[in-house]
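*Asks:* So the sequence shown is numbered by my numbering: it starts at 71 and just counts up by one. Even for Gly, the Cβ is constructed at its ideal location relative to N, Cα and C.
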Amino acid sequence: KNYPTDVLSFPGWEEQPKGYPLRVLGDIFISLDTAKLQADEIGVDLRAELRVLLVHGIFHLLGYDHELGRAEMLEMAEKEVECFRALGWQGRGLIARVEEEAGELTERSSNSSDSSEIFVERSEVKLLAIDMDGTLLNSSSEISPRTVEALRVALDSGVRVVLATGKARPAAMAALSRVGLAGEGLVVSDSQPGVFLQGLAVYGSSGELLKSAELPPPVVVLCFEHAMENDIPVVAFLGDECVTLAMHPELEELHTTYYEPLPKVVGSIGEVLSGPPVKKMLFMSDPEYVRGELQPFLEAELEDSGAELCQAVPNMLEVVPEGANKWVGMSVLLDHLGLEPRDVMAIGDGLNDLELIANSGFGIAMANAVPQVLASADAVSTSNDEDGVAEAIFRYIK
């Protein structure tokens, strides 16, 4: 060959030695120089590129050969995509990347009924929907400079950027204002679209409320009574404001770390119910208690109540109206904007992002995403501490 080779595979013994404890597939040779050059060209680190080449080489040793024809190419490409998804690695495989760069193929269709075709044409991204905690925000609840740069690139390209978050709108505005991205024509403001409170509050193109849902009052009573009996921090979200019966350090953290409005302490459950409708309840505690005690209790108590559980991060558990999720809210927004699911690229990490990632035209999971989201995504980016949102924007939008 008169061009640099990135990976070569040489099959091993056709007949394995008797009694040998391992099966020898063969040898794989990877050129570090070529791998580094390719990594720099597409904007990934060397380790990510080496993973791509290693997986490609292994499938050659397993008998797959994309050079034999289109059917063989699609078969091997599918195996590479499946491998990356199963391992939760960034990327989709060498064949998918090369074919996409050539303009012939794009991403896998997770809903395709034809297993022989693993790619579908992806229309131009018109709307970018981004989760916040664990996605846009890093582990310090901050938005990195590179992510700010990427968001501005997306906005400048004409893509509509909206938030799809469990947070109230004021919390989202507080977080984005710290990096200069809150305001008219930017990512979030009180006069532009967004999906908030797990899809319970959806705002239209001028910031008008398109959709709102509320919890049945008996569910609100149940949550407050259980919290008071067990001294668990809980807060009721009324929309842009929230209230509680007793202040806890965790609820102060909800304000200082997670940007939510500082809860107002009220005197009784009756006072809460006499005010604006409660949209959701949010409990905060250590992850072990949430998983081991609080969640099983609420799952049993909420059966046939008109409410269900939702979780974004391990130390929180939310009670929301039955059937509520971010995709339901996003569907309302898409109808309002005259867009289709195929026009949406969505990025998320938590269980509360599952429906959004699975139903959007192009769903991207963060590397730190829960297994269910990783399995449903069309692609995997880097983690929220590795500028995963920026990585996705620069790769698929810029």
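Rounded to whole angstroms, what is the Cα-Cα separation between V450 and P366?
*Replies:* 31 Å
*Asks:* Spatial neighbours of V257 within its chain, please: C-beta separation below 7 Å, excluding the five flanking residues on both sides.
*Replies:* Cβ within range, chain order: L221, V231, L233, L246 and L251.
*Asks:* What are the boundary residues of the beta strand (DSSP E) that R230 is part of?
*Replies:* R230 to L233
*Asks:* Excluding sequence positions up to five away, which residues of its chain have a Cβ less than 7 Å from the Cβ of F80?
*Replies:* G96 and D97
*Asks:* Ordered along the chain, which non-local residues of its own chain (more than five positions away) have a Cβ less than 6 Å from that of M243?
*Replies:* A252 and V258
*Asks:* Just the Cα atoms here: how many angstroms apart are L492 and N454?
*Replies:* For residue 492 there is no data in the structure shown, the boundaries of the chain being 71 and 468.
*Asks:* Where does E388 sit, in a helix, a strand or coil, going by DSSP?
*Replies:* The answer is strand: DSSP assigns E388 an E or B state.
*Asks:* Taking only the alpha-carbon atoms, compute the straight-line gap between V290 and L372 and give it to the nearest angstrom.
*Replies:* 11 Å
*Asks:* With C-beta atoms as the reference, is V272 less than 8 Å away from Y466?
*Replies:* no
*Asks:* Please look up how many angstroms separate the CB atoms of L403 and L280, rounded, as I've assumed it's under 8 Å.
*Replies:* Contact flag correct, Cβ pair sits at about 7 Å.
*Asks:* Looking at the structure shown, is D260 part of a helix, part of a strand, or coil, going by DSSP?
*Replies:* coil
*Asks:* Taking the beta carbon of G309 as the centre, do at least 16 other beta carbons fall within 10 Å, making it buried, or is it exposed?
*Replies:* buried
*Asks:* Starting from M400, follow the alpha helix (DSSP H) in both directions and report where the run begins and ends.
*Replies:* Membership of M400 in the alpha helix (DSSP H) is indicated by the continuous run K396 to L407.
*Asks:* Nearest to D423 by CA position, among T217, V440, L407 and L409, is which residue?
*Replies:* V440
*Asks:* With a 10 Å radius around its C-beta and 16 neighbouring C-beta atoms as the bar for buried, classify R239 as buried or exposed.
*Replies:* buried
*Asks:* Contact between the stretch 207-216 and the stretch 290-300 is defined here as three or more beta-carbon pairs at a separation below 8 Å; is this criterion met?
*Replies:* Flag = no, the stretch 207-216 and the stretch 290-300 do not touch.
*Asks:* Which residues in the same chain have their Cβ closer than 6 Å to the Cβ of N470, if we skip the five residues on either side of it in sequence?
*Replies:* Since the first residue of the chain shown is 71 and the last is 468, residue 470 is not available in this structure.
*Asks:* Can you grab the Cα-Cα spacing for the pair M146 / A166, in whole Å?
*Replies:* When rounded, the distance between both Cα atoms is 10 Å.
*Asks:* Measure the C-alpha to C-alpha separation of V360 and P333 and round it to an integer number of angstroms.
*Replies:* 21 Å
*Asks:* Does the distance from the C-beta atom of L324 to that of M354 stay below 8 Å?
*Replies:* Yes, these two residues count as a Cβ contact at 8 Å.
*Asks:* So, using beta-carbon positions, are A460 and R216 closer together than 8 Å?
*Replies:* yes
*Asks:* By Cβ distance below 7 Å, which residues in the same chain neighbour H318 in space, the five residues on each side in sequence not counted?
*Replies:* P303
*Asks:* Could you tell me the alpha carbon to alpha carbon distance between M415 and P91, rounded to whole angstroms?
*Replies:* 47 Å
*Asks:* Can you say whether S282 is buried or exposed, counting buried as having 16 or more other CB atoms within 10 angstroms of its CB?
*Replies:* exposed
*Asks:* On the DSSP bridge list, what partners appear for L207?
*Replies:* D203.
*Asks:* Taking the straight line between their C-alpha atoms, what separation do you get for V348 and I112?
*Replies:* Taking the straight line from one Cα to the other gives about 47 Å.
*Asks:* Tell me the rounded alpha-carbon separation between P384 and Q442.
*Replies:* 15 Å
*Asks:* Curious, which full-length beta strand (DSSP E) runs of at least 3 residues does the stretch 97-178 contain?
*Replies:* none
*Asks:* At a cut-off of 7 Å, is I213 close to the ligand ATP when judged by its beta-carbon and the heavy atoms of the ligand?
*Replies:* Among the components of this structure there are no ligands whatsoever, and the ligand ATP is therefore not found.
*Asks:* For I427, list the residues DSSP reports as bridge partners.
*Replies:* DSSP output for I427 lists no bridge partner at all.
*Asks:* Using the rule of at least 16 other Cβ atoms within 10 Å of the residue's Cβ for burial, across every protein chain shown, is S276 buried or exposed?
*Replies:* exposed
*Asks:* Provide the residue(s) that pair with A79 in DSSP beta bridges, ordered along the chain.
*Replies:* A small correction: the amino acid at residue 79 is Ser; Ala does not occupy that position in the sequence shown. Beta-bridge pairing links S79 to I98.
*Asks:* Could you check which residue in E330, T327, C312 and V114 has the C-alpha nearest to that of V336?
*Replies:* C312
*Asks:* Please report the Cβ distance between V342 and A377, rounded to the nearest whole angstrom; I am assuming they are in contact, meaning their Cβ atoms lie under 8 Å.
*Replies:* The distance from the Cβ of V342 to that of A377 is about 16 Å, inconsistent with a contact at the 8 Å cut-off.
*Asks:* How long is the line joining the alpha carbons of V151 and R162, rounded to whole angstroms?
*Replies:* 5 Å
*Asks:* Would you identify the three-state DSSP class for R192, choosing helix, strand or coil?
*Replies:* Confidence at R192 is low in this model, with a pLDDT of 40, below 50, so the placement of that residue should be treated as unreliable; the coordinate-derived value is given next. For R192, the secondary structure class from DSSP, reduced to helix, strand or coil, is coil.
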